[in-house]
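J.: Protein sequence lines, in the order shown, are assigned to chains A and B. full-length UniProt numbering applies: residue 1 is where the first sequence begins, and numbers increase by one. full-length UniProt numbering applies: residue 1 is where the second sequence begins, and numbers increase by one. Before we start, here is the structure in question, set down as structure tokens.
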Amino acid sequence: MKKQMGRSWAALMTLFLKSKSKKTLSKTGVKNIVLVDGVRTPFLQSGTTYADLMPHDLARTALQGLLNRTGIPKDAVDYIIYGTVIQEVKTSNVAREAALGAGFSDRIPAHTVTMACISSNQAMTTAVGMIAAGQCDAVVAGGVEFMSDVPIRHSRKMRKTMLSLNKAKTLGARLALLGSIRPAHLAPELPAVAEFSTEETMGHSADRLAAAFGVSRREQDEYALRSHSLAKRAQDEGLLSDVVGFKVPGKDIVSKDNGIRPSSMEQMAKLKPAFVKPHGTVTAANSSYLTDGASAVLIMSEEKALALGYKPKAYLRDFVYVSQDPKDQLLLGPSYATPKVLERSGLKLADIDVFEFHEAFAGQILSNLKAMDSDWFAKTYMGRTSKVGSPPLDKFNLWGGSLSLGHPFGATGCRLVTTVAHRLKKEGGQYGLVAACAAGGQGHAMVIEAYPQ
Amino acid sequence: KMVTRAVAALSRFTIRARCILFAARSHVNCEIKGDVAVIRISDPNSKVNTLSLQMQKEMTEVMDEVWGNSAIKCVVMISSKPGCFIAGADINMIQACKSTEEVTRLSQEGQKIFEKIEKSPKPIVAAINGSCLGGGLEFAIACQYRVATKSKTTVLGTPEVMLGLLPGAGGTQRLPKMIGLPNAFDMMLTGRNIRADKAKKMGLVHQLVDTLGPGLKSPEERTIEYLEEVAIDCARGIVNKKLALTKEMNMMQKIQDHVMSYSFVQNRIYSTVEKKVLKQTKGLYPAPMKIIECVKAGMEQGPDAGYLAESQNFGKLAMTPESKALVGLYHGQVACKKNRFGVPEKEVKTLAILGAGLIGAGIAQVTVEKSINTILKDITEEALNQGQHQVYKGLNDKTKKKSITSFERDSILSNLTGQLDYSGFEKADMVIEAVFEDLAIKHKVLKEVEAVIPPNCVFASNTAALAIKDIAAASKRPEKVVGMHYFSPVDKMQLLEIITTDKTSKDTTASAVALGLKQGKVVIVVGDGPGFYTTRCLAPMLAEAVRVLQEGVDPKKLDSLTTGFGFPVGAATLADKLGIDVAAHMAENLGKAFGSRFGGGNLELLKTMVAKGFKGRKSGKGFYVYQSGLKDINPELKEIVESYNMMPTPAVSSDSDVQYRLISRFVNEAVLCLQEGILTNPVEGDIGAVFGLGFPPFLGGPFRFVDNFGADKLVEKMKTFEEVFGNQFTPCQLLLDHAKDPSRKFHRLIH
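Below you can see the structure in the form of structure tokens.
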């Protein structure tokens with residue numbers, strides 16, 4: 001009896017699998033590109049244990065973690081690409097500095113890309129492009145962000161004076177320049193998480209977005225609480241296996257993300273709005289926070305991976321980049337990217353088993369869900385005939401998200417892709433979808449297919 | 001057949017029945033949301049809300065219901081029209097009044113309504129999106145709390161002074177208390193619009209609300225909803241005492257308020273403001289002084305005296321010719337913002353401009369600002385560079401004033417292409433030439449351009465004096481040729497004079513008007529002829545000005561006589577601005593066309609000045625010398641003038657005589673333009689003179705001036721001058737007709 005039930009269950013599963021729009025996304029004449037593995041450092045709130053490091057230290061740790069995890073020979077990689085947002089000026093090509101320190105062969109070229117919060121997505125898709133074009137077979141892609149230290153500059157006036165000082169020939173000329181320094185010269189220039197084009201901070205834009213979609217404070221707090229609770233459970237159950245421990249010089253070994261803090265609705269309700277005062281809805285508790293961290297993934301052509309004896313975790317399939325108005329649609333990237341990438345791959349929303357969306361703000365996620373569920377929005381702003389539909393929450397960010405795990409801008413993309421691969425395996429799904437928004441009003445989505453067991 | 005008729009009758013009946021149902025309350029709607037009454041305002045017959053009689057009546061009814069309903073604890077006042085809270089009182093309502101007393105009563109009724117609003121036991125929150133002006137602002141400041149959107153369309157202001165009126169429904173009393181004397185005077189005396197962020201800083205509004213982008217509804221609709229939600233929270237917050245009604249003040253503001261409470265400080269402010277007003281208005285505009293008087297009465301003698309002074313002065317001002325002239329201009333301006341030639345077949349998406357000089361670059365600036373692809377072409381790199389820099393500077397100044405961001409500046413500039421050749425002209429929908437005022441050159445560029453532009457492309461000539469038909473003579477397609485006379489500086493001057501020939505097609509005209517309106521211009525369309533309308537009116541006045549100089553009046557005195565009459569810029573300064581060479585060129589051309597009527601001053605005087613390099617402002621020397629921002633009479637001028645010396649005739653040389661000599665030649669020429677059909681109507685004549693040439697606004701333009709001053713009196717004056725100077729002062733037939741029959745007026749009589 002029991003056996004029979006088991007058999008019919010299996011039959012049901014095959015039926016279920018057959019009900020997908022496509023059996024696989026493999027295309028003839030197109031190379032299969034696989035994710036061999038992915039790792040990341042623990043994501044820490046900035047200003048905590050990583051505070052005295054430099055960005056390349058974090059990136060190096062991720063790279064070393066990847067080497068250890070995959071055991072790949074240090075010269076078997078053709079290329080290294082890193083994504084980062086706020087650059088340390090001393091290590092502007094942070095990919096190269098980190099690779100050298102991580103022990104990779106100095107014969108492996110490395111470059112750094114930047115595309116705000118989808119920088120490491122850009123690093124990965126650049127790698128995919130290189131492999132697809134037949135230029136490389138094995139590429140390491142990753143991302144790093146270090147918010148404990150950011151470049152704070154002298155004012156433009158001061159910089160100008162200092163540069164002129166270099167050129168001043170006589171002592172008199174130098175003294176005259178020094179004498180021209182006024183208190184105004186001394187005011188420093190701070191980087192801001194604000195759009196250059198609109199001068200609006202991202203949190204402010206998120207608050208307006210939430211208001212535009214009628215997302216209440218309560219809904220946002222509930223979503224944030226869900227993110228933290230799910231992250232906590234994933235951490236406790238040991239699901240976050242992409243995390244590699246980090247012996248921070250002069251400090252303890254860090255092995256866990258430290259920003260996961262499930263609170264209560266009452267506690268969260270006490271917070272005042274952080275950006276739109278006094279009536280805004282976005283607070284510190286329902287936003288992602290400033291985070292230090294790095295991630296890395298090993299991407300190969302399927303043949304190469306198999307030749308090296310790897311069992312890949314997933315196929316990296318279709319991906320898209322989108323962009324829209326940086327003022328009023330700054331954070332709507334996922335709404336635009338999701339239907340586009342599904343269309344590209346010939347899948348429907350219902351075909352997706354695992355969703356991993358970047359959570360910049362609870363209000364941003366909920367606004368995107370509402371936008372994707374609106375025929376009016378699809379027709380009026382996206383030029384589509386109907387809505388794509390809203391991802392079911394029981395498949396959505398089940399191991400926490402950027403709100404709870406943290407969001408090192410440049411590093412989040414790799415975390416999303418690795419998490420999809422791990423969740424597909426754990427949950428037995430076939431297709432996963434990653435989507436993220438980014439400053440500049442840009443967005444990205446990628447379809448990932450489980451590697452056959 | 002019977003059936004259809006019956007159905008028709010029935011449907012007519014239902015429509016009427018529906019109308020009656022709605023007629024009960026068409027402007028004001030009240031929705032009760034729990035303990036909050038949300039009162040929504042929307043005039044069904046207009047794009048904007050005004051405080052019309054109907055609006056006031058319905059508002060009073062609704063407020064009485066609200067006050068009588070014990071379930072309601074607080075009120076939100078909001079407009080359901082995007083872009084407009086309340087744009088002001090209904091001007092027609094004031095114009096319909098026949099006496100001072102009647103207007104005073106109107107004012108007192110308004111005061112009473114707003115007093116009830118102010119003393120409302122249930123807090124009222126004004127939720128402001130879009131224009132909140134005049135009576136609308138007075139309404140808002142009578143409410144207990146104000147929330148405004150940060151939309152660019154949200155502006156608060158008291159523009160009454162620009163109509164020769166004052167804020168007559170409590171504004172002169174409440175504003176000083178709310179934002180302090182200096183700010184209140186600034187608002188009421190300049191009439192300028194205050195943007196939301198500034199209003200918050202001044203204490204005019206309590207809270208700001210962001211505008212929203214796309215969501216599940218259109219941005220406009222959702223922004224209003226959001227504003228309402230926030231306003232409801234505020235209203236409840238006031239009831240629950242979670243929201244304080246007193247404004248938070250920093251130390252500086254507290255000190256300022258304290259200092260202002262001393263009467264000697266207040267008196268000092270009054271006298272400073274009075275002096276400034278007198279200097280700027282030359283005593284020609286009564287409204288500003290009355291505003292000061294009302295504020296003073298309220299501050300010194302208490303609210304009763306203040307409100308009384310306000311309503312009485314409002315009544316008095318409404319009956320002044322100055323106010324009627326300014327209201328007339330307002331209506332004229334509205335009329336000249338419409339395209340009476342209809343929608344052109346093809347919208348201008350690419351505009352090419354020839355000549356990157358002051359005017360060409362100015363046209364480029366106002367065009368790129370409206371996201372139209374603009375090609376700016378010149379023949380030398382130096383000229384092009386200068387023109388492109390002018391556009392950049394114009395936009396960058398706006399960035400400095402924070403009216404646009406640097407990003408907006410850059411993206412606007414991306415619409416501009418500077419070039420030395422004709423590439424891309426094959427895509428142009430319109431070409432405006434602003435090259436040197438020389439027929440041969442104009443012909444040359446016209447031919448060059450026609451060789452490269454598509455067949456449907458309009459060729460517009462920016463000229464101040466050359467006849468368009470002469471320019472069009474070289475064209476293969478004269479129906480596509482039109483004149484577009486811009487005024488310098490183009491980004492500041494509101495007027496555009498469009499000139500059509502007999503051959504210009506209606507669609508070409510429609511296209512030119514549409515572009516002008518898009519550029520934000522007030523547009524008049526006039527017939528072709530030497531000097532068209534504006535230049536033709538200006539020339540005889542300048543000829544007279546030269547004669548006055550020859551009679552021994554110095555430029556400073558001449559300027560003070562003209563500004564004393566109400567011109568914003570004196571005649572000598574104006575000539576310097578225009579360029580003495582341009583003035584000479586213009587006088588010579590028009591002199592040839594119109595003969596001795598355009599004589600008076602000796603043209604040689606101007607020519608001698610030009611020969612000596614005194615070309616006006618641009619050359620640093622003209623009637624004045626311009627040095628590091630200062631101007632002084634050109635010391636070398638005296639010698640030149642003396643060589644053309646004329647003996648003044650004492651009988652026609654008093655200050656007032658000189659003023660009327662100048663103005664009557666201007667006005668007579670304007671009337672002649674209407675007589676000859678250069679002008680289609682007096683409204684455009686008034687608008688052109690005021691917005692293009694600075695004709696005294698309080699006189700309302702030459703035609704309004706004749707109506708008010710009396711054609712007979714003007715003719716009488718001109719005849720005295722004619723005896724001395726001859727045909728330059730011969731009144732034209734139309735003016736004589738009006739003089740003969742006092743019932744004939746250019747403008748419909750308003751009581």
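Note that the Cβ used here is the ideal one computed from N, Cα and C, for glycine as well.
Given a threshold of 16 other Cβ atoms within 10 Å of its Cβ, counted over all protein chains shown, does B/Ile41 qualify as buried or as exposed?
T.: When all chains shown are included, B/Ile41 counts as buried.
J.: Any contact between the region 635-648 of chain B and the region 696-707 of chain B? By contact I mean 3 or more CB pairs, one from each, below 8 Å.
T.: no
J.: Please confirm whether B/Arg222 has its beta-carbon closer than 8 Å to some beta-carbon of chain A.
T.: yes
J.: Identify each residue in the region 202-229 of chain B for which the Cβ-Cβ distance to at least one residue of chain A is less than 9 Å, and report them in chain order.
T.: Gln207, Val209, Asp210, Thr211, Leu212, Gly213, Pro214, Gly215, Leu216, Lys217, Ser218, Pro219, Arg222, Thr223, Glu225, Tyr226, Glu229
J.: Starting from the C-beta of A/Glu302, find all residues in its chain whose C-beta is less than 6 Å away, skip the five residues before and the five after it, and write them out in chain order.
T.: Asn32, Val34
J.: What residue from B/Thr154, B/Arg25, B/Gln173, B/Cys132 has the CA that sits closest to B/Gln301's CA?
T.: B/Gln173
J.: I need the straight-line Cα distance from A/Ile86 to A/Pro326, nearest angstrom please.
T.: 19 Å
J.: Does the region 49-60 of chain A come close enough to the region 116-124 of chain A that 3 or more CB-CB pairs lie under 8 Å?
T.: no
J.: Would you identify the three-state DSSP class for A/His407, choosing helix, strand or coil?
T.: strand
J.: May I have a chain-ordered list of the beta strand (DSSP E) segments no shorter than 3 residues that lie completely inside the region 36-87 of chain B?
T.: Qualifying beta strand (DSSP E) stretches, in chain order: 36-41, 74-79, 84-86.
J.: Count the other CB atoms, across all protein chains shown, that sit within 10 Å of the CB of A/Gly250; report buried if there are 16 or more and exposed otherwise.
T.: Burial state of A/Gly250 is exposed, judged by a 10 Å Cβ sphere holding fewer than 16 other Cβ atoms.
J.: From the DSSP output, read off the bridge partner residues of B/Gly195.
T.: It is worth fixing the name first, because residue 195 of chain B is Arg in this sequence and not Gly. Partner(s): B/Val155.
J.: Buried or exposed for A/Leu163, going by 16 or more other Cβ atoms inside 10 Å?
T.: With fewer than 16 other Cβ atoms within 10 Å, it is exposed.
J.: Is it right to say B/Gln253 is buried, meaning 16 or more other beta carbons lie within 10 angstroms of its own, or is it exposed?
T.: exposed
J.: Could you round the C-beta distance between B/Glu274 and B/Cys294 to whole angstroms and report it? I think they count as a contact, below 8 Å.
T.: Actually they do not touch by this definition, with Cβ atoms about 13 Å apart.
J.: Within 7 Å: the Cβ of B/Gln733 and any heavy atom of the ligand ADP?
T.: Absence of the ligand ADP from the depicted structure is noted, as is the absence of any ligand whatsoever, leaving it without description.
J.: If you draw a straight line from the C-alpha of B/Leu574 to the C-alpha of B/Gly726, how long is it?
T.: 26 Å
J.: Report the partner residues of B/Lys480 according to the DSSP bridge assignment.
T.: None; B/Lys480 has no bridge partner.
J.: For the beta strand (DSSP E) holding A/Thr48, just list the boundary residues, first then last.
T.: No beta strand (DSSP E) contains A/Thr48, which DSSP labels as neither H nor E.
J.: Closest to B/Met586 by C-alpha separation, out of B/Phe532, B/Lys556, B/Pro635, B/Gly629, would be which residue?
T.: B/Phe532
J.: Could you round the C-beta distance between A/Ile448 and A/Gly432 to whole angstroms and report it? I think they count as a contact, below 8 Å.
T.: So it is a contact: roughly 4 Å between Cβ atoms.
J.: Under DSSP, the beta strand (DSSP E) around A/Leu177 begins and ends at which residues?
T.: Run containing A/Leu177: none in the beta strand (DSSP E); it sits in the alpha helix (DSSP H), 171-179.
J.: Can you tell me the Cα-Cα spacing of B/Thr501 and B/Glu160, whole angstroms?
T.: 40 Å
J.: What residue range is occupied by the uninterrupted alpha helix (DSSP H) comprising A/His422?
T.: 412-427
J.: Starting from B/Asp632, trace the alpha helix (DSSP H) in both directions and tell me its first and last residue.
T.: B/Asp632 -> not in any alpha helix (DSSP H); beta strand (DSSP E) instead, spanning 630-633.
J.: Taking only runs of the alpha helix (DSSP H) that begin and end inside the region 256-343 of chain A, which ones reach a length of at least 4 residues, in chain order?
T.: 265-269, 302-307
J.: What does a CB cutoff of less than 6 Å around A/Gly245 pick up in its chain, not counting 5 residues either side in sequence?
T.: Ile253, Ser255
J.: I think A/Gly406 touches A/Gln45, with their Cβ atoms under 8 Å apart; what is that distance to the nearest whole Å?
T.: 7 Å
J.: Below 8 Å between beta carbons is the criterion; list the residues of the region 186-204 of chain A that meet it against any residue of chain B, in chain order.
T.: Phe196, Ser197, Thr198, Glu199, His204
J.: Which same chain residues end up closer than 7 Å to B/Leu736 when comparing Cβ atoms and leaving out the 5 residues on each side of it in sequence?
T.: If we look at B/Leu736 and ignore the five residues flanking it on each side, its Cβ neighbours are Val715.
J.: Name the two residues that bound the continuous alpha helix (DSSP H) containing B/Ala383.
T.: 381-400
J.: Taking Cβ-Cβ distances shorter than 8 Å, what residues in chain B pair up with A/Lys327?
T.: Gly213
J.: Using the beta-carbon of each residue, which ones in chain A are nearer than 8 Å to B/Asp233?
T.: Those within 8 Å of B/Asp233 in chain A are His279.
J.: Give me the DSSP bridge partner(s) of B/Asp257.
T.: Bridge partners of B/Asp257: none, in fact.
J.: Name, please, each residue of chain A whose Cβ falls closer than 8 Å to the Cβ of B/Thr405.
T.: Ser197, Thr198, Glu199
J.: Assuming B/Gly134 and B/Ala89 are in contact, meaning their beta carbons sit under 8 Å apart, how far apart are those beta carbons, in whole angstroms?
T.: A Cβ-Cβ separation of about 6 Å places B/Gly134 in contact with B/Ala89 under the 8 Å criterion.
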